[in-house]
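Chemist:
In the working numbering, the protein residues as written are 1 to 389.
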């Protein structure tokens, strides 16, 4: 029987982009393909299913069956193309003007393709230090798929040591990012004519109290001294934000409903949960006052994401490894969240490094510069060389 063909990173990318793994849909066709491709090269992979088994994370290990692996971490899901105007098929990689166009080429199937190439190459070379890959689901809807995947890996694979999360960073080292969480808020009021305001509960006006609480907290945070960890960020402090609000039926009726979402972006050194619990306590206080007027009134919270910060690690192994492979000596942090903080929380050394510019993520005509993809390939070649020594 002839040996299975070994695909180039570009060929793997072409396959991955063909799968429309939008977060609202299943990623199983992609997982099936990856599993089959790895199996064709003698690499056994493992799945961790979500609750309804419509999605799965996939992880695998090559090299000596021992702890201390380098882990290449990526996500399989992408954002929708609905309402966007593309000049080429978003589900086919199209090369033009030195760019690779397609949904997910930048965020982050480009890295996934490079990681899969490296895993097969490491297996064929017979590395002395193990290499693992971890491909999650539902990153784009709040990084909810990585924690159960990371937990599942512990019972199946030897514990890895250094995790490289391949979010687009122009192949620069990112050693810190903010944490975050968010709440969908539904304020349920009680309708009366506005001339009888004291006898009803306006959901909008009570919701405004919560939004003002966020404004006041932002002001207090910004007036406080900056911590050394926060100073690396722009802005150098935690922020709370409400971007959309809806509610009410008429200008002369107290609103029965008000809905908005509150998000928090929390600098390393501060606990996400400290800010979250402060908000929950304020909700309870306002709800009690509402119910003193009308017992039917209420505030419902639905927490829709929670991501720990990535804290810079003095002497961290993952950062040191990435610096050796890239030659990048600059420190970098970002204000958005990734799965890197979740790996760090689980006991891995973690750093971010991947091809592409985050500015291209989620855009119509999303693209990855061919030069970035090639730089990522050289990175993986050097990684395999180091693991083989």
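Idealized CB from N, CA, C, for every residue including glycine.
1. Whole angstroms are fine: how far does the CA of residue 299 sit from the CA of residue 95?
2. I need the straight-line Cα distance from residue 329 to residue 272, nearest angstrom please.
3. For residue 293, which residues from the same chain have a beta carbon less than 6 Å from its beta carbon, with the 5 sequence-adjacent residues on both sides left out?
4. Look at residue 179 and residue 309 and say whether their C-beta atoms are less than 9 Å apart.
5. Just to confirm my understanding: we take residue 9, look at its own chain, exclude 5 residues before and 5 after, and list those with CB closer than 6 Å. What are they?
6. For residue 251, is the classification buried or exposed, using 16 other Cβ atoms within 10 angstroms of its Cβ as the cut-off for buried?
7. Would you kindly report the start and end of the unbroken beta strand (DSSP E) that includes residue 305?
8. Is it true that the region 97-112 meets the region 66-80, where meeting means three or more beta-carbon pairs spaced less than 8 Å apart?
9. Leaving out the 5 sequence neighbours to the left and right, which residues in its chain are closer than 7 Å to residue 275 when beta-carbon positions are compared?
10. Rounded C-beta distance between residue 68 and residue 203? I'm assuming under 8 Å.
11. Among the candidates 335, 348, 372, whose CA atom is the shortest distance from the CA of residue 159?
12. Helix or strand or just coil, what does DSSP make of residue 106?
13. When you compare the CB positions of residue 106 and residue 289, do they come within less than 9 Å of one another, or not?
14. Helix, strand or coil for residue 135? Go by DSSP, reduced to three states.
15. Let me know if residue 1 comes out buried or exposed under the rule of 16 or more other beta-carbons within 10 Å of its beta-carbon.
16. Using DSSP with H/G/I as helix, E/B as strand and the rest coil, what is residue 75?
17. If you draw a straight line from the alpha carbon of residue 281 to that of residue 222, how long is it in whole angstroms?
18. Return the first residue and the last residue of the alpha helix (DSSP H) that residue 204 is part of.
19. If you scan the region 236-318 from start to end, which runs of the beta strand (DSSP E) of 3 or more residues do you find wholly inside it?
20. Could you spell out the range, first to last residue, of the alpha helix (DSSP H) harbouring residue 373?
21. Rounded to whole angstroms, how far is the Cβ of residue 135 from the Cβ of residue 122, which I believe are closer than 8 Å?
22. Give me the residue from 4, 138, 52, 357 with the minimum Cα distance to residue 23.
23. Is the beta carbon of residue 165 less than 9 Å from the beta carbon of residue 350?
24. Exposed or buried, what is residue 177 when buried is set at 16 or more other beta-carbons lying within 10 Å of its beta-carbon?
25. Residue 244: buried (16+ other C-beta within 10 angstroms of its C-beta) or exposed?
26. What residues match up with residue 352 in a beta bridge as DSSP calls it?
27. Taking its Cβ as the centre, do 16 or more other Cβ atoms sit within 10 Å of residue 395, making it buried, or is it exposed?
28. Per DSSP, what kind of secondary structure is residue 123 in: helix, strand or coil?
29. Tell whether a beta-carbon distance below 9 Å holds between residue 247 and residue 207.
30. Which residue comes first and which comes last in the beta strand (DSSP E) that contains residue 101?
31. Identify whether residue 183 lies in helix, strand or coil by the three-state DSSP scheme.
Modeler: In short, the structure shows the following:
1. On the chain shown, position 95 is the one that residue 95 refers to. On the chain shown, position 299 is the one that residue 299 refers to. About 50 Å.
2. Locating residue 329 in the chain shown gives position 329, where the first residue counts as 1. Locating residue 272 in the chain shown gives position 272, where the first residue counts as 1. Between residue 329 and residue 272, the C-alpha separation is close to 29 Å.
3. As a working note, residue 293 is residue 293 in the chain shown. Closer than 6 Å at Cβ, skipping near neighbours: 201.
4. Translated into positions along the chain shown, residue 179 becomes position 179. Translated into positions along the chain shown, residue 309 becomes position 309. Contact: yes.
5. Translated into the one-based positions of the chain shown, residue 9 becomes position 9. Cβ within range, chain order: 113, 114, 117, 377.
6. Counting from 1 along the chain shown, the entry for residue 251 is found at position 251. Exposed, since its Cβ has fewer than 16 Cβ neighbours within 10 Å.
7. For the purposes of this step, residue 305 is taken as residue 305 along the chain shown, with counting starting at 1. 298-307 is the extent of the beta strand (DSSP E) around residue 305.
8. yes
9. Indexing the chain shown from 1 puts residue 275 at position 275. Excluding residues within five positions, the ones whose Cβ falls inside 7 Å are 238, 264, 266.
10. On the chain shown, position 68 is the one that residue 68 refers to. On the chain shown, position 203 is the one that residue 203 refers to. The Cβ separation is near 55 Å, so there is no contact.
11. Mapped onto the chain shown, residue 159 falls at position 159. Minimum Cα distance to residue 159 is reached at 348.
12. As a working note, residue 106 is residue 106 in the chain shown. In this structure, residue 106 counts as helix in the three-state DSSP scheme.
13. Counted from its first residue, the chain shown places residue 106 at position 106. Counted from its first residue, the chain shown places residue 289 at position 289. Going by C-beta atoms, residue 106 is not nearer than 9 Å to residue 289.
14. The residue you call residue 135 lines up with position 135 of the chain shown. Here residue 135 sits in strand by DSSP.
15. Looking up residue 1 in the chain shown gives position 1. Caution is warranted here: a pLDDT of 47 is assigned to residue 1, below 50, making its placement in the model unreliable, and the coordinate value is therefore given only provisionally. That one is exposed.
16. One-based indexing of the chain shown puts residue 75 at position 75. Strand, per DSSP.
17. Position 281 of the chain shown, counted from the start, is the residue given in the question as residue 281. Position 222 of the chain shown, counted from the start, is the residue given in the question as residue 222. Those two C-alpha atoms are separated by around 21 Å.
18. Taking the first residue of the chain shown as 1, we reach residue 204 at position 204. Note, residue 204: alpha helix (DSSP H), 203-223.
19. The region 236-318 contains, as complete beta strand (DSSP E) runs of 3+ residues, the segments 239-247, 257-266, 298-307 (chain order).
20. By one-based count along the chain shown, residue 373 stands at place 373. It spans 370-388 - the alpha helix (DSSP H) in which residue 373 sits, taken as one unbroken run.
21. Residue 135 sits at position 135 when you count from the first residue of the chain shown. Residue 122 sits at position 122 when you count from the first residue of the chain shown. Contact flag wrong, Cβ pair sits at about 16 Å.
22. Taking the first residue of the chain shown as position 1, residue 23 is located at position 23. When each option's Cα is compared against that of residue 23, the closest is 138.
23. Here the question's residue 165 lines up with position 165 in the chain shown. Here the question's residue 350 lines up with position 350 in the chain shown. The answer is yes: Cβ separation under 9 Å.
24. Along the chain shown, read from residue 1 onward, the residue named residue 177 stands at position 177. By the 10 Å Cβ count, residue 177 comes out buried.
25. What you label residue 244 is simply residue 244 of the chain shown in a count that begins at 1. Answer is exposed; the Cβ neighbour count stays below 16.
26. Along the chain shown, one-based indexing puts residue 352 at 352. The partner list for residue 352 (beta bridge, DSSP) reads 165, 174.
27. Absent from the structure is residue 395, since the part of the chain shown begins at 1 and ends at 389.
28. Position 123 of the chain shown holds residue 123. It is helical.
29. Taking the first residue of the chain shown as 1, we reach residue 247 at position 247. Taking the first residue of the chain shown as 1, we reach residue 207 at position 207. In contact: residue 247 and residue 207 (Cβ atoms closer than 9 Å).
30. Sequence index remark: in the chain shown, residue 101 carries index 101 (1-based). Per DSSP, the continuous beta strand (DSSP E) segment holding residue 101 begins and ends at 99-101.
31. On the chain shown, residue 183 is found 183 positions in, with the first residue counted as 1. For residue 183, the secondary structure class from DSSP, reduced to helix, strand or coil, is strand.
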